[in-house]
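Per my numbering, the sequence shown runs over residues -3 to 81.
Step one of this worksheet: look at the structure below.
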Amino acid sequence: MKDGIHPNYGKCIVRCACGETFETGAIKDKINVDICSKCHPFYTGRQKLIDAGGRVDKFRKRMNQHQDTKTDQDTNPDQDTKPES
């Protein structure tokens, strides 16, 4: 390797917002992070599951409303959608 072009790689202290600190290697002396393995929901077991079923039900409800208005238009003979020639 050429001298003088590579950064100095050394020990680095990582500090999380929850207060946890650990040591790793980096080109910086200190790194501040918002979340770590001690406070992340996936690692702590406090993970919330997103209810995608509610979104599907909401979509189906909207589609049923659309189908109902479409059938109302089909059964209403007073409204003529074709222009007269």
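A virtual CB, placed ideally from N, CA and C, is assigned to each residue, including glycine.
{"Check": "By the three-class DSSP mapping on this structure, what secondary structure does K7 have?", "Outcome": "strand"}
{"Check": "Could you give the first and the last residue of the continuous beta strand (DSSP E) run that contains A22?", "Outcome": "17 to 22"}
{"Check": "Pairing CB atoms from the segment 48 to 61 with CB atoms from the segment 26 to 33, are three or more of them under 8 Å?", "Outcome": "no"}
{"Check": "Below 8 Å between beta carbons: does that hold for C8 and E19?", "Outcome": "yes"}
{"Check": "Look up K26 in the DSSP assignment and give the residues it is bridged to.", "Outcome": "I9"}
{"Check": "Can you find the residues in the same chain that come closer than 7 Å, C-beta to C-beta, to I27, ignoring five residues on each side of it along the sequence?", "Outcome": "C8, V10"}
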